[in-house]
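Chains as they are written, first to last, in our numbering: chain A, 146 to 435; chain B, 132 to 390.
Given below as structure tokens:
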């Protein structure tokens, strides 16, 4: 079978239409989980089947696509999804955040602020923020409908009681426009402040769980917290060892058997751009330390 | 006459010809009663007599086909679901027979007590914890166990924790389904003592279902005896227990072992 036998962006038009309807509904009710008829995709669940379907439904031939996996453009997940759309949609791809019109992401929001006209597509493993507290889907739906979100704070309470601080560091629950509590997918809570008031359209797709939800541009998004334990976006207390940035989210990399480590930007495009501009970090002089 | 007096002249809870069917079988039929502020109503009867069904209907856990239920003059059956839910987590409380049904077993004692507070908008960790500690003290659970899970508690402690969790928002009406079931007698006695104290101090109205006449004697002001889904006798507790009129009530009272 040749690649020409696939429709543009792999999915057939009827499926895309179904997904677009779900997306529009999601945008109309920010934070609400819209059920959709998720399709089998040529990749395993957990690899971004939801995000890929949303991206496929959004793509037009003029788009420029960027795919990131934990901030990086060059890891397996990002490379294979990028290749997938290069082959099935023949769209241009890029690693530069500002050039992209559609960005599919796994677990990060790019460091560079997004602009109007850009679409950020998240891969979501478990869309239900209440799932680990209340296993029954019938009950969680009712809780959303009736705005019964006391349980969400019980989780945060338990965190403080056990660890002395809110230890939830990723998939940190947020409240959208004062109504729906939403799981922002497993992004670090460092990225939470970027969810609110963002100029880009943010779409969330969960393939296995068959849910789509969305944040239109400039939506109010508040991270849940207590008055005396306010929400704090956290990152490693270091500067990037390659580009010297002190404001970006960092990955910790063990570099030898002696336990030496380095910290590098998790957003590879941000890091290389800064290095290109001449910024240096602690390990820049020694060359390829990692 | 002040507004307060008017409120006192109105029953807190009124049930009119309540009927619940399970297909062709009757769950409970044609139940009528009034409950006044500060009053404890006991519902007794043998297993399968419709006690728990009735309680479930009253608390809104089960759908009711016929009859009307008024809480402070408002029909709870016609109330929209969100409003009824707000009622059931602020002014009402439900103590289950099995603490595992009423507690979150994976959440610490403090979190269990704090849940209702957080559900109605408490957002200060320090305050929530302080209230939880206070309530654990009131139900005789040591405050250093606030971060333990209910799993690590004995049956009696779990039941006391469930009571604390329910009473923390100072409800006005408490439904109890066999709160002392499955506990040994000495633990039962302490729990009853505790309940009696709380009911009196907080001025609670209580509807308590039990098959244990001793519990009814200790806690209830008034008693309703049920058989085959119908109320066959009601009146003041002492009156019903000491001078039973209906044949079944006489049998029930005489079945109790005199120690």
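Glycine included, each C-beta is placed from N, C-alpha and C at the ideal position.
- Beta-bridge partners of residue 206/B (DSSP): 201/B.
- At least one CB atom of chain A sits nearer than 8 Å to the CB of residue 246/B.
- Within chain A, no residue has its beta carbon less than 8 Å from that of residue 282/B; the closest one is some 14 Å off.
- Within the stretch 285 to 338 of chain B, the runs of beta strand (DSSP E) that reach at least 3 residues and sit entirely inside it are, in chain order, 304 to 308.
- Residue 163/A: not part of any beta strand (DSSP E); member of the alpha helix (DSSP H) spanning 158 to 173, first to last residue.
- Residue nearest to residue 305/B within the set 262/B, 260/B and 227/B is 227/B (criterion: CA-CA distance).
- As a beta-bridge residue in DSSP terms, residue 368/A pairs with 319/A.
- In the three-state DSSP reduction, residue 186/A falls in the coil class, being neither helix nor strand.
- Taking C-beta atoms as the reference points, residue 180/A and residue 322/A fail to come closer than 8 Å.
- By alpha-carbon distance to residue 233/B, the top candidate from 225/B, 239/B and 240/B is 225/B.
- Close CB contacts of residue 310/B within its chain, under the 6 Å cut and outside five residues either way in sequence, are with 226 (chain order).
- Residues of the stretch 261 to 291 of chain B with a Cβ closer than 7 Å to any Cβ of chain A, in chain order: 278.
- The straight-line gap separating the alpha-carbon atoms of residue 396/A and residue 244/A is approximately 24 Å.
- For the pair residue 370/B and residue 164/B, the CB atoms are not nearer than the 8 Å cut-off.
- Among the residues facing chain A, residue 302/B is not included, as its CB has no counterpart in that chain under 8 Å away.
- Chain-order list of chain B residues neighbouring residue 371/A: 254, 255 and 256, by C-beta distance under 7 Å.
- Beta-bridge pairing by DSSP links residue 192/A to no other residue.
- Taken through DSSP and simplified to helix, strand or coil, residue 216/B comes out as helix.
- Of all residues in the stretch 292 to 324 of chain A, those with a C-beta nearer than 9 Å to a C-beta of chain B are 292, 293, 294, 295, 296, 297, 298, 299, 300, 301, 302, 303, 305, 306 and 307, reading in chain order.
- Using a 10 angstroms sphere on the CB of residue 277/A, the tally of other CB atoms stays under 16, which defines it as exposed.
- Selection 213/B, 339/B, 286/B and 145/B evaluated against residue 289/A yields 213/B as nearest (Cα-Cα).
- By the C-beta criterion, the stretch 348 to 356 of chain A is judged not to be in contact with the stretch 308 to 320 of chain A, since fewer than 3 inter-stretch pairs fall below 8 Å.
- With its beta carbon less than 8 Å from one in chain A, residue 212/B belongs to the interface.
- Within chain A, 302 and 306 have C-beta atoms less than 8 Å from the C-beta of residue 241/B, given in sequence order.
- Taking a 10 Å sphere around the C-beta of residue 262/A, we find fewer than 16 other C-beta atoms and assign the residue as exposed.
- Chain order gives the chain A residues near residue 216/B as 291 and 293, where near means a beta carbon separation below 8 Å.
- Selection 188/A, 374/A, 201/A and 196/A evaluated against residue 162/A yields 201/A as nearest (Cα-Cα).
- Straight through space, the alpha carbons of residue 147/B and residue 186/B are spaced by roughly 14 Å.
- Exposure of residue 265/B is indicated by the presence of fewer than 16 other C-beta atoms within 10 angstroms of its C-beta.
- Remark: C-beta atoms of residue 195/B and residue 267/B do not approach each other more closely than 8 Å.
- For residue 417/A, the enclosing alpha helix (DSSP H) has its first and last residue at 413 to 421.
- In this chain, the beta strand (DSSP E) harbouring residue 211/A covers 209 to 214.
- Residue 249/B carries a helical assignment under DSSP once its states are collapsed to helix, strand and coil.
- One Cα belongs to residue 260/B, the other to residue 390/A, and the distance between them is close to 40 Å.
- At a beta-carbon threshold of 9 Å, the residues of chain A lying near residue 259/B are 298, 302 and 371, ordered along the chain.
- In this structure, the straight-line span from the alpha carbon of residue 345/A to that of residue 419/A is close to 23 Å.
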